[in-house]
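K.L.:
Chains as they are written, first to last, in my numbering: chain A, 1 to 230; chain B, 1001 to 1435. The beta carbon of each residue, even a glycine, is placed where N, CA and C say it ideally should be. Bear in mind the structure is a predicted one, so any value in this text is a computation, not a measurement.
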Amino acid sequence: MSDIRCVNLCRTFHQGDITVTGLDHVSIDIKKGEFVCLVAPSGGGKTTLLNAIGGLDKPDSGEVWIAGKRIDNMGKSALAEMRLNNIGFVFQAYNLIPVLTARENIEFVMEVQGIPAADRHRRSAAILTEVGLEGLEDRRPAKMSGGQQQRVAVARAIVAKPEIVLADEPTANLDSSSAEQLMDLFVSLNKNHNTTFVIATHDQRVMEYARRIVKMLDGRIDQDIPQDPR
Amino acid sequence: MLLNNITFRLAWRNLWRQPRRTLLTLGAMVFANIILVCMISLQFGMYGLMIDNTLSMLTGHLKVLALNYKDDGKIRQSIDEAETLARQLRNDLNRLKNKNFEGESAANNDTEGENNSVKIAVRGKAFALASSEDRSFGILVMGVEPEHEPQVSSIPGLIQRGRYLSDSKAEEIVIGSVLARNLQVDLDDEITLIGSGHDGSFAAAVITVVGITQSGMTDLDRSIAQMPLQLFQETFAMGNGAHEIVIRAPDLSDVEEISIRAQRLLDDRPSLVLHDWDDLEPGLKQSIQADLFSAWFMYGVLITLVAFSVLNTMLMSVLERTREFGIVMSLGLTPGRLGRLVILETAIMGVLGLAAGILIGTGLVAWAGIYGITFPGMDEMGKQFNLPARIYPDLTVFQLALGPSIVFAATLLSSLWPALRLHWLEPVQAMRAAG
């Protein structure tokens, strides 16, 4: 069964008199445990597709199914619940909550999920070690480097063990060493927890880790190529 | 879902991201709360004084009158055996009251027990022409019980010169200072009273002035004279009758209970009517209500201004955090929880404002409770409502909490709009908006 299924998705944006096509009849199936890269030039539709899969944006037409449930017709609260329990997001701009420390950012989703404090602390301590941020748990985002912030964002996305991780240009602001560490972490999670990864990128280094490359152009899927990862 | 820890931490820290703005908004709340605590306490203190001083002059808390006497005021509409009935009421009401407060009275000393008792006095009233050697004026003559009248009225304590009545049979009279001046009489001078008796006969007496009162209320000092009840009854052919039995409760809050009990005792006397102070002095309550209305209008404006200040703060705060709201929504926070976060931020500010306002306000009210407050125009107002030159606030939990609670509710109400706006927020647009 597909973990993610998109059927005939269309999405247009209006900027004044100009209409921009974000998605043009896009259909794609992504199975559980897949490691997929969405590759496109700027404005190619990869972020729009990612947002539609994550329920952050609604398509004009078409269907989005996550773990067997149709989500494109869900209400806001139901979508929020779905994201909380099924999806972890990693954004290009990290998107950490500035008033919370690294540990609190990581525990945020678990706390909203209602996981007991002791369990939260244990899991956040473990993930902080895993992403190499021991000793920085009480720092706020403003006092951390871009790489450190991105690792906190990744830790936040994966600590609650979501079935799907959606990452939008996760390495765009990272140096090559940090990018490599991050991708190794993604691959390890993918292998060990069978987490599905969908990564929107135009970074060649990231594409090398994927087992499937979906190339998009002008809002359409141009090529869908399986590959042997690095 | 109930608000959990992270929501509170977020709310608290969000408040202090713009400390100057938060402190200014908080300052407006605290200021409004202090004003409300002080003004409401002073207002109720003043109302208490107005009621107490007005009622203690002549009205009392309750009065037993003959049917229709309140409206007609005819000398014939009298209470038969008034002193006997007063004695019965005095005994019964105090016995019932003591029974009620048995536990308390055991601990009280005699003076406190005396202060806690229901005071009752009998009065006769008649209009007469008062004449001195040179002048005559129409006055209201009151026959009073010298031993009981000081317990229900403040007039005996307002003697400016001479003394109050001492003997219920003596041929003596106490008159107001303006009347004394008008009649051109002084202590030990004689005045002649001429009027109609209870039976329609001619009533006349020559009485010696033993005391001159000054209440500060010109009308009262010009038109009222008091003489001993027995002399009054003889002069006006009243027999054992009188016109009113005045009841004074230990406290205004006791009036309702005493009224019920007194009414029970009067049930077998259908010719008598028990009136409470509101009945007897309708203008007093009306003037208090009018003052309350204008005061609450002013308070309403103040509270509205504070509410708009909070609304402005919260709208700005929500607007500048649009991107963050987008982030937390993408992580799975529902719009409802986000809305609760905004309301919680306001509630925290409101609680801080409430606590600081009540604390500082209580301090100021406590200080004013010791030293009293006076302001320009207090003398004129004092004369009009029989108030002292200084007023003291009435400090109760209700009066302390009333204003700040309304401010708190108004601030919470003002956070509803910013909270509701979050329901229309789309995560992607929100993250893009400020990103």
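Should L1003/B be flagged as near chain A, meaning a C-beta pair shorter than 8 Å?
P.N.:
For the purposes of this step, residue 1003/B is taken as the residue at position 3 of the second sequence. Here the model assigns L1003/B a pLDDT of 44, short of 50, so the residue's position is not dependable, and the following value carries that caveat. With 8 Å as the cut-off, L1003/B does not count as an interface residue toward chain A.
K.L.:
Where in the region 107 to 174 of chain A do unbroken runs of the beta strand (DSSP E), each at least 3 residues long, occur, reported from the N-terminal end onward?
P.N.:
Within the region 107 to 174 of chain A, the beta strand (DSSP E) runs of at least 3 residues that lie entirely inside it are, in chain order, 164 to 168.
K.L.:
Thinking just about the alpha-carbon of each residue, which of G1195/B, S1215/B, R1222/B, Y1164/B is nearest to the one in V1178/B?
P.N.:
Here residue 1178/B refers to the residue found at position 178 of the second sequence. Closest by alpha carbon: R1222/B.
K.L.:
With DSSP as the reference, label E1104/B as helix, strand or coil.
P.N.:
Locating residue 1104/B in the second sequence gives position 104, counting from the first residue. Annotation note: pLDDT 47 at E1104/B (below 50); position unreliable, coordinate value reported separately. Helix.
K.L.:
My guess is that I1173/B and Q1226/B are in contact by the Cβ rule of under 8 Å, so how many angstroms apart are they, rounded?
P.N.:
Taking the second sequence and counting its residues from 1, one reaches residue 1173/B at position 173. Taking the second sequence and counting its residues from 1, one reaches residue 1226/B at position 226. The C-beta distance from I1173/B to Q1226/B rounds to 7 Å, short enough to meet the 8 Å contact threshold.
K.L.:
Under the three-state reduction of DSSP, which class applies to V1064/B: helix, strand or coil?
P.N.:
Start at 1 with the first residue of the second sequence, and residue 1064/B comes out as number 64. Looking at V1064/B - three-state DSSP - the assignment turns out to be strand.
K.L.:
For F13/A and chain B, any beta-carbon pair shorter than 8 Å?
P.N.:
Position 13 of the first sequence, counted from the start, is the residue given in the question as residue 13/A. No - not a single Cβ of chain B is within 8 Å of the one on F13/A.
K.L.:
Got a sec: is the Cβ-Cβ distance from S1253/B to anything in chain A below 8 Å?
P.N.:
Locating residue 1253/B in the second sequence gives position 253, counting from the first residue. For S1253/B, the answer is no, since every Cβ of chain A falls outside 8 Å of its Cβ.
K.L.:
Shortest alpha-carbon distance to N192/A belongs to which of K32/A, I18/A, E208/A?
P.N.:
Here residue 192/A corresponds to residue number 192 of the first sequence, with the count starting at 1. Closest by alpha carbon: K32/A.
K.L.:
Could you name the residues of the region 1401 to 1428 of chain B whose beta carbon sits closer than 8 Å to any beta carbon of chain A, in the order they occur along the chain?
P.N.:
H1423, E1426, P1427, V1428
K.L.:
For R1017/B and chain A, any beta-carbon pair shorter than 8 Å?
P.N.:
Residue numbering aside, residue 1017/B sits at position 17 when the second sequence is read from its first letter. The Cβ of R1017/B sits closer than 8 Å to at least one Cβ of chain A.
K.L.:
Consider the Cβ of L1010/B: report whether some Cβ of chain A lies at a distance smaller than 8 Å.
P.N.:
Against the second sequence, residue 1010/B aligns to sequence position 10. L1010/B counts as touching chain A.
K.L.:
Just mark A1106/B as buried or exposed, buried being the case when its beta carbon has 16 or more other beta carbons within 10 Å.
P.N.:
Reading the second sequence from its first residue, position 106 is the one you call residue 1106/B. Bear in mind that a pLDDT of 46 at A1106/B, under 50, signals an unreliable position, so the number given afterwards is only what the model happens to contain. Its Cβ having fewer than 16 others within 10 Å, A1106/B is exposed.
K.L.:
Out of A40/A, L50/A, I4/A, I30/A, state which residue places its alpha-carbon closest to the alpha-carbon of M216/A.
P.N.:
In the first sequence, residue 216/A corresponds to position 216, counting from 1. Nearest of A40/A, L50/A, I4/A, I30/A to M216/A, Cα basis: A40/A.
K.L.:
Under the DSSP definition of a beta bridge, which residues are partnered with L38/A?
P.N.:
As a working note, residue 38/A is residue 38 in the first sequence. DSSP lists A200/A, V214/A as partners of L38/A.
K.L.:
Quick one: what's got a C-beta closer than 6 Å to I1288/B's C-beta in the same chain, skipping five residues either side?
P.N.:
As a first step, residue 1288/B must be located in the second sequence, where it is residue number 288. The answer, listed in chain order, is Y1047.
K.L.:
Give every residue of the same chain whose Cβ lies closer than 6 Å to the Cβ of N173/A, excluding the five residues on either side of it in the sequence, and list them in chain order.
P.N.:
As a first step, residue 173/A is located in the first sequence; it is residue number 173 there, counting from the start. Answer for N173/A: G146, listed in chain order.
K.L.:
Please decide whether L1319/B counts as near chain A, where near means a Cβ-Cβ distance under 8 Å.
P.N.:
To locate residue 1319/B, count along the second sequence from 1; it is residue 319. No, no contact with chain A.
K.L.:
Short of 6 Å in beta carbon distance, which residues of its chain neighbour E1414/B, apart from the five on each side in sequence? Order them along the chain.
P.N.:
Indexing the second sequence from 1 puts residue 1414/B at position 414. Here residue 1414/B is Ser; the residue named in the question, Glu, does not match the sequence. Residues A1307, V1310, L1311 of the same chain have their beta carbon placed closer than 6 Å to that of S1414/B, with the five preceding and five following residues left out of the count.
K.L.:
To be precise: take each residue of the region 51 to 69 of chain A, compare its Cβ to all Cβ atoms of chain B, and keep it if any distance is under 8 Å. Which residues remain?
P.N.:
N51, G54, L56, D57
K.L.:
Taking the alpha helix (DSSP H) that M1316/B falls in, what are its first and last residues?
P.N.:
Indexing the second sequence from 1 puts residue 1316/B at position 316. It spans 1282 to 1320 - the alpha helix (DSSP H) in which M1316/B sits, taken as one unbroken run.
K.L.:
Just list the alpha helix (DSSP H) runs in the region 1368 to 1417 of chain B, keeping only unbroken ones of 4 residues or longer that don't cross its boundaries, in chain order.
P.N.:
Fully enclosed alpha helix (DSSP H) runs of 4 or longer: 1378 to 1385, 1397 to 1414.
K.L.:
Pull up the DSSP beta-bridge partners for I1139/B, would you.
P.N.:
As a working note, residue 1139/B is residue 139 in the second sequence. Looking at the DSSP assignment, I1139/B forms a beta bridge with A1128/B.
K.L.:
What's the gap between the Cα of M1378/B and the Cα of T1218/B?
P.N.:
Position 378 of the second sequence holds residue 1378/B. Position 218 of the second sequence holds residue 1218/B. So the alpha carbons of these two residues sit roughly 17 Å apart.
K.L.:
Between G1357/B and I1258/B, what straight-line distance do the alpha-carbon atoms span, to the nearest angstrom?
P.N.:
The sequence position of residue 1357/B within the second sequence is 357, counting from 1. The sequence position of residue 1258/B within the second sequence is 258, counting from 1. Between G1357/B and I1258/B, the C-alpha separation is close to 38 Å.
K.L.:
For chain B, find out if any of its Cβ atoms is closer than 8 Å to the Cβ of R83/A; answer yes or no.
P.N.:
Translated into the one-based positions of the first sequence, residue 83/A becomes position 83. Chain B contact via Cβ: present.
K.L.:
Under 8 Å Cβ to Cβ from G1103/B, same chain only, skipping five residues before and after it: list those, please.
P.N.:
Residue mapping note: residue 1103/B aligns to position 103 of the second sequence, counting from 1. Unreliable positioning characterises G1103/B in this predicted model, as indicated by a pLDDT of 47, which lies under 50. A coordinate reading is not provided.
K.L.:
When you compare only the Cα positions, how much space is there between Y1164/B and V1210/B?
P.N.:
Here residue 1164/B refers to the residue found at position 164 when the second sequence is read from its first residue. Here residue 1210/B refers to the residue found at position 210 when the second sequence is read from its first residue. Y1164/B and V1210/B: Cα-Cα distance of roughly 7 Å.
K.L.:
Quick check on this structure: which residue in L1183/B, A1130/B, A1128/B, G1216/B has the alpha carbon closest to the alpha carbon of I1155/B?
P.N.:
Position 155 of the second sequence, counted from the start, is the residue given in the question as residue 1155/B. Distance from the Cα of I1155/B is smallest, within the candidate group L1183/B, A1130/B, A1128/B, G1216/B, for G1216/B.
K.L.:
Answer yes or no: does any C-beta atom of chain B fall closer than 8 Å to that of T19/A?
P.N.:
For the purposes of this step, residue 19/A is taken as residue 19 along the first sequence, with counting starting at 1. Answer no: the Cβ-Cβ gap between T19/A and chain B never drops below 8 Å.
K.L.:
Give, in chain order, every residue of the region 95 to 120 of chain A whose Cβ lies closer than 9 Å to some Cβ of chain B.
P.N.:
N95, L96, I97, P98, V99, L100, E104, E107, F108, V109, E111, V112, Q113, G114, A117
K.L.:
What in chain B is Cβ-close to S77/A, meaning under 8 Å?
P.N.:
For the purposes of this step, residue 77/A is identified with residue 77 of the first sequence, where counting begins at 1. Near S77/A (Cβ distances below 8 Å), the residues of chain B are T1334, P1335, G1336.
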